[in-house]
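Notes for the one structure printed next.
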Amino acid sequence: MASSSKELPSSILIIGSGVFGLSTAYALAKRDAFKHTKITLLERMDFPAPDAASIDTSRIIRPDYPDPAYAALMAESHTHWRGDFGAEGRYTESGLCLATDHLETSTADASGTYVGKSLENVKNRLGLKVGRREDGGQVEPLASAADVNRVMASMGGDCGQSGYVNWTSGWADAEAGMRYMRQLVAATGRVEFRTAEVKRLHYSQSKVESVELVSDEHLQADLVILATGAWTPALVDLRGIASATGQAIAYIDLTQAEQARLGSSPTLLSESSGMYIIQPRSRQLKIARHGYGYANPVSIPHPERPAASGERVTVSLPRTKQSDPALAIPPEGDAACRAYLARTIPELAERPWTRTRICWYTDTPNGDWLIDYHPVYSNLFLTTGGSGHAYKFLPVVGERVVDIMLGEDRDALGAQVRRKWRWPEGKKAGEGPQHHVWTDDWRGGVKGMILDEELARREITGLEKARL
Ligand SMILES: Cc1cc2nc3c(=O)[nH]c(=O)nc-3n(C[C@H](O)[C@H](O)[C@H](O)COP(=O)(O)OP(=O)(O)OC[C@H]3O[C@@H](n4cnc5c(N)ncnc54)[C@H](O)[C@@H]3O)c2cc1C
Numbered sequence: 001m002a003s004s005s006k007e008l009p010s011s012i013l014i015i016g017s018g019v020f021g022l023s024t025a026y027a028l029a030k031r032d033a034f035k036h037t038k039i040t041l042l043e044r045m046d047f048p049a050p051d052a053a054s055i056d057t058s059r060i061i062r063p064d065y066p067d068p069a070y071a072a073l074m075a076e077s078h079t080h081w082r083g084d085f086g087a088e089g090r091y092t093e094s095g096l097c098l099a100t101d102h103l104e105t106s107t108a109d110a111s112g113t114y115v116g117k118s119l120e121n122v123k124n125r126l127g128l129k130v131g132r133r134e135d136g137g138q139v140e141p142l143a144s145a146a147d148v149n150r151v152m153a154s155m156g157g158d159c160g161q162s163g164y165v166n167w168t169s170g171w172a173d174a175e176a177g178m179r180y181m182r183q184l185v186a187a188t189g190r191v192e193f194r195t196a197e198v199k200r201l202h203y204s205q206s207k208v209e210s211v212e213l214v215s216d217e218h219l220q221a222d223l224v225i226l227a228t229g230a231w232t233p234a235l236v237d238l239r240g241i242a243s244a245t246g247q248a249i250a251y252i253d254l255t256q257a258e259q260a261r262l263g264s265s266p267t268l269l270s271e272s273s274g275m276y277i278i279q280p281r282s283r284q285l286k287i288a289r290h291g292y293g294y295a296n297p298v299s300i301p302h303p304e305r306p307a308a309s310g311e312r313v314t315v316s317l318p319r320t321k322q323s324d325p326a327l328a329i330p331p332e333g334d335a336a337c338r339a340y341l342a343r344t345i346p347e348l349a350e351r352p353w354t355r356t357r358i359c360w361y362t363d364t365p366n367g368d369w370l371i372d373y374h375p376v377y378s379n380l381f382l383t384t385g386g387s388g389h390a391y392k393f394l395p396v397v398g399e400r401v402v403d404i405m406l407g408e409d410r411d412a413l414g415a416q417v418r419r420k421w422r423w424p425e426g427k428k429a430g431e432g433p434q435h436h437v438w439t440d441d442w443r444g445g446v447k448g449m450i451l452d453e454e455l456a457r458r459e460i461t462g463l464e465k466a467r468l
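For the sequence shown, UniProt numbering gives the first residue as 1, with consecutive numbering after it.
Okay, structure coming up:
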């Protein structure tokens, strides 16, 4: 079904039950236009897949974006998080302290930075009230280290040199949010759920002819929606367009007293290093990094060529504990999490990790998502490219996806995001010298790390230590 076509599909196969897949299924199931369409949602694991990007203890829910479009979309999503969607502990409005390691909070100094632009957006476009919380303020600029550390006092360490706190931001219990969305989809009675792993798509010159499962069964649908997150490059050629990058996360256990103290602290996010610590719950604290991440290049049969062609491509794909139960974060990521914990909460500096995880982003060059028809295969639609920031939009992103699918702009924001998320104009996958995508937004860590090389290293260098 091409975007210009008026014909609606009689069958839709959504592959992947993460944020994008579930939210899209929900929006399709509710639309009158699709009331005669058979909708199937395939997921490779019994829901919830523990290694999916959408499944974790927590995700930050914030309108704090330098880009007004995401800030506006988040304002829409926020009403849901503050309502039924976020009830029963699924959403907590803890506040978010966005800190930097520079002294740059005067708006003039900060106007070009992530923090500065985000502050401008939440103040001027979303209309949040500036001032201290005790005076009724919703967003407070923090002009000095003393200000940052006052807001983050329960941590007791060095949390940054300047920044701002947004008391209207919060965090979600990520798995609980996904379970809730799954229930909403199920309650429509319109979606058939299947646990089955897709092995490959079979393409003709202009469309997807069938979807082959690992069980060798072949499925057909008028429209195939790929919502397979970081695994997507295994099913369609996305070289140079989107890549899987592994992000380091570490968890520690807290005592009851530590939970009581830190449990009322805002979430802390450093623009300078990409490191963050989300408000703990149930005596579990998470330290992680929004980084360039690790590439995991693997050689696979070309996803769009017949298997008999023997053609292979190298793409980065997730490696997770599902296939490698002993997989831990590399020493470099371990050291980064450890250094940030020691700096911000010194009394927990030596606390051992209870577990670590490499969680996989689907990164695009500038962090904008990829939500569009494939330029060649007319019945293939992609909704992916989350780039480490899509969870917070779970309640609303599906509606935007379906608008784009139908070629409808419900409002000015719709037209804006449709342009933002489209397949890069004139670009073919696999073109150009660079096939792996390293996102340039405000990432921490270093660019170019390869997972196997990092795992093989026992120690990190002094220079790297100095950078942490
Ligand atoms: C460490 C980390 C921290 C993050 N922090 C935040 C945050 O604070 N705030 C925020 O808003 N966002 C955050 N994000 C981003 C957000 O979680 C993701 O953008 C979002 O969850 C991506 O959803 P998805 O549907 O693309 O992918 P996924 O959730 O990974 O879903 C893809 C699904 O497809 C399935 N699948 C894959 N291949 C196949 C196949 N062949 N056959 C069948 N099924 C298949 C998988 O099992 C999986 O369930 C974070 C992400 C990570 C990794």
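Glycine included, every Cβ here is placed at the ideal spot set by N, Cα and C.
In this text the structure is predicted, and so the values were computed from the model without any measurement.
Have a look at the options and flag the residue whose alpha-carbon is nearest the alpha-carbon of residue i.
{"i": "E332", "options": "Q183, S272, L455", "result": "L455"}
{"i": "A143", "options": "D135, S154, G131, G136", "result": "G131"}
{"i": "D173", "options": "E408, Q161, F85", "result": "F85"}
{"i": "L41", "options": "K428, T439, T195", "result": "T195"}
{"i": "G386", "options": "G398, D368, R190", "result": "D368"}
{"i": "I329", "options": "I287, T314, A307", "result": "I287"}
{"i": "A248", "options": "P266, P233, A295", "result": "A295"}
{"i": "I300", "options": "T232, A336, T320", "result": "T232"}
{"i": "W353", "options": "T362, A339, Y391, P48", "result": "A339"}
{"i": "C159", "options": "M178, D101, K207", "result": "D101"}
{"i": "G398", "options": "R422, A227, D253", "result": "A227"}
{"i": "C337", "options": "L285, P375, P306", "result": "L285"}
{"i": "R179", "options": "D46, T255, R443", "result": "D46"}
{"i": "S265", "options": "L254, R182, I277, Q256", "result": "I277"}
{"i": "L8", "options": "S17, Y26, G21, R31", "result": "R31"}
{"i": "G444", "options": "T245, A25, S215, E175", "result": "T245"}
{"i": "L213", "options": "Q205, L235, G112, S204", "result": "L235"}
{"i": "Y56", "options": "R90, V139, Y70", "result": "Sequence inspection shows Asp at residue 56; the Tyr mentioned does not correspond to that position. Comparing Cα-Cα distances from D56 to each of R90, V139, Y70, the minimum goes to R90."}
{"i": "R457", "options": "A335, V437, A27", "result": "A335"}
At a cut-off of 8 Å, would you count residue i as near ligand 1, judging by its Cβ distance to the nearest heavy atom?
{"i": "C359", "result": "yes"}
{"i": "L73", "result": "no"}
{"i": "Y391", "result": "yes"}
{"i": "I15", "result": "yes"}
{"i": "L235", "result": "yes"}
{"i": "residue 469", "result": "An answer regarding residue 469 cannot be provided, because it is not within the stretch 1 to 468 covered by the chain."}
{"i": "Q247", "result": "yes"}
{"i": "F85", "result": "no"}
{"i": "W81", "result": "no"}
{"i": "G21", "result": "yes"}
{"i": "E431", "result": "no"}
{"i": "G95", "result": "no"}
{"i": "V198", "result": "yes"}
{"i": "G445", "result": "no"}
{"i": "T384", "result": "yes"}
{"i": "G388", "result": "yes"}
{"i": "L254", "result": "no"}
Please classify residue i as buried or exposed, where buried requires at least 16 neighbouring CB atoms within 10 angstroms.
{"i": "D452", "result": "exposed"}
{"i": "H218", "result": "exposed"}
{"i": "L23", "result": "The question names Leu, yet the displayed sequence has Ser at residue 23. Its Cβ being crowded by 16 or more others within 10 Å, S23 is buried."}
{"i": "L13", "result": "buried"}
{"i": "I15", "result": "buried"}
{"i": "G127", "result": "exposed"}
{"i": "E271", "result": "buried"}
{"i": "T168", "result": "buried"}
{"i": "L382", "result": "buried"}
{"i": "V19", "result": "buried"}
{"i": "L201", "result": "buried"}
{"i": "T107", "result": "Residue confidence is low: T107 scores 48 on pLDDT, short of 50, so the model does not pin down where it sits. Its coordinate-derived value is still stated next. By the neighbour-count rule (16 or more Cβ atoms within 10 Å), T107 is not buried but exposed."}
{"i": "G136", "result": "exposed"}
{"i": "V122", "result": "buried"}
{"i": "D411", "result": "exposed"}
{"i": "L119", "result": "buried"}
{"i": "E43", "result": "buried"}
{"i": "P141", "result": "buried"}
{"i": "K392", "result": "buried"}
{"i": "M449", "result": "buried"}
{"i": "E459", "result": "exposed"}
{"i": "H290", "result": "buried"}
{"i": "H36", "result": "exposed"}
Tell me whether residue i counts as near ligand 3, meaning its Cβ is closer than 8 Å to at least one heavy atom of that ligand.
{"i": "T439", "result": "The model depicted lacks ligand 3 and carries ligand 1 instead."}
query: In chain order, which beta strand (DSSP E) runs of at least 3 residues are fully inside the segment 314 to 394?
result: 355 to 363, 370 to 373, 380 to 384
message: Extract the residue ranges of the alpha helix (DSSP H) inside the segment 77 to 163, only unbroken runs of 4 or more that lie entirely within it.
response: Complete alpha helix (DSSP H) runs here, min 4: 107 to 110, 114 to 120, 145 to 151.
message: Just to confirm the assignment: which complete beta strand (DSSP E) runs, minimum length 3, are found wholly within the segment 32 to 66?
response: 38 to 43, 59 to 61
Every unbroken beta strand (DSSP E) within the segment 198 to 241, with a cutoff of 3 residues, ordered by chain: 198 to 203, 208 to 213, 223 to 226
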